[in-house]
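Numbering (the working numbering), first residue to last: 16 to 202.
(1) Could you compute how far the alpha carbon of residue 148 sits from the alpha carbon of residue 20?
(2) Could you name each continuous beta strand (DSSP E) segment of 3 residues or more that falls completely within the segment 94-145, going from the start of the chain to the end?
(3) Keeping to the same chain, check which residues put their C-beta closer than 7 Å to that of residue 50; ignore five residues upstream and five downstream.
(4) Among 25, 113, 168, 167, which residue has its Cα nearest to the Cα of residue 130?
(5) Counting C-beta neighbours from all protein chains within 10 Å, is the total for residue 28 16 or more, i.e. buried, or is it exposed?
(6) Report the rounded CA-to-CA distance for residue 138 versus residue 164, giving the unit in angstroms.
(7) Just tell me which of 40, 122, 118 has its CA closest to the CA of residue 90.
(8) Is the distance from the Cβ of residue 180 to the Cβ of residue 88 below 7 Å?
(9) Run through the DSSP bridge pairs and tell me what residue 178 is partnered with.
(10) Quick one: using the 10 Å Cβ neighbour count with 16 as the cut-off for buried, is residue 109 buried or exposed?
(11) If we count the other Cβ atoms within 10 Å of its Cβ and call it buried at 16 or more, is residue 25 buried or exposed?
(12) Whole angstroms are fine: how far does the CA of residue 39 sit from the CA of residue 183?
In structure tokens:
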């Protein structure tokens, strides 16, 4: 027979295990929901591979993005980012608040994944001298979680470019450097 102290200890251990398990399950469910939101966006907004036209350079991925439909959901959607050989294939938001989309998806649903978004100090026309794009480095590989692949030489050599699709233009950027940085100071 257990003493009353031992029963309290076992009850405390049981409650601790229960609450930690519930928290982990909730977090995993939120991760799955966050990625499902973006998977649905790829279908809902007809982001599909398209045939290149003669004026498009060879080797450039060509996708059709229905920006009208995206901007009906959220007028702050400015672009679509695609980085070859990664999971990065998302709408890009531009807003006046660098905090909002850390915890909300492009369709304004609360999400631990957040969104890919431009720094509020950028113009949003991709013509700034430096354009800063934010996104979470998710351990499950979503959002910017697969950027770490660029430390592997074969990935960088195979896919040295990324593309930004806007309603009017497609921008191609060459990746020249990769680094891991810690959050420093304010946004």
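Think of the CB as a built atom: it goes at the ideal place given N, C-alpha and C, for glycine as much as any other residue.
Looking at the coordinates:
(1) Start at 1 with the first residue of the chain shown, and residue 148 comes out as number 133. Start at 1 with the first residue of the chain shown, and residue 20 comes out as number 5. Looking at the two C-alpha atoms, the distance is approximately 55 Å.
(2) 104-109, 131-133
(3) To locate residue 50, count along the chain shown from 1; it is residue 35. Around residue 50: 128, 157.
(4) Taking the chain shown and counting its residues from 1, the one referred to as residue 130 is at position 115. Residue 130 has its Cα closest to that of 113, out of 25, 113, 168, 167.
(5) Here residue 28 refers to the residue found at position 13 when the chain shown is read from its first residue. Exposed is the call here.
(6) Here residue 138 refers to the residue found at position 123 of the chain shown. Here residue 164 refers to the residue found at position 149 of the chain shown. Rounded to the nearest angstrom, the two C-alpha atoms are 29 Å apart.
(7) Indexing the chain shown from 1 puts residue 90 at position 75. If we check each option's Cα against that of residue 90, 122 comes out closest.
(8) Taking the first residue of the chain shown as position 1, residue 180 is located at position 165. Taking the first residue of the chain shown as position 1, residue 88 is located at position 73. It is not a contact, given that the beta carbons lie outside the stated cut-off.
(9) The residue you call residue 178 lines up with position 163 of the chain shown. The partner list for residue 178 (beta bridge, DSSP) reads 97, 187.
(10) Against the chain shown, residue 109 aligns to sequence position 94. Its Cβ being crowded by 16 or more others within 10 Å, residue 109 is buried.
(11) Counting from 1 along the chain shown, the entry for residue 25 is found at position 10. Counting Cβ neighbours within 10 Å, residue 25 comes out exposed, since fewer than 16 surround it.
(12) The sequence position of residue 183 within the chain shown is 168, counting from 1. The sequence position of residue 39 within the chain shown is 24, counting from 1. Rounded to the nearest angstrom, the two C-alpha atoms are 43 Å apart.
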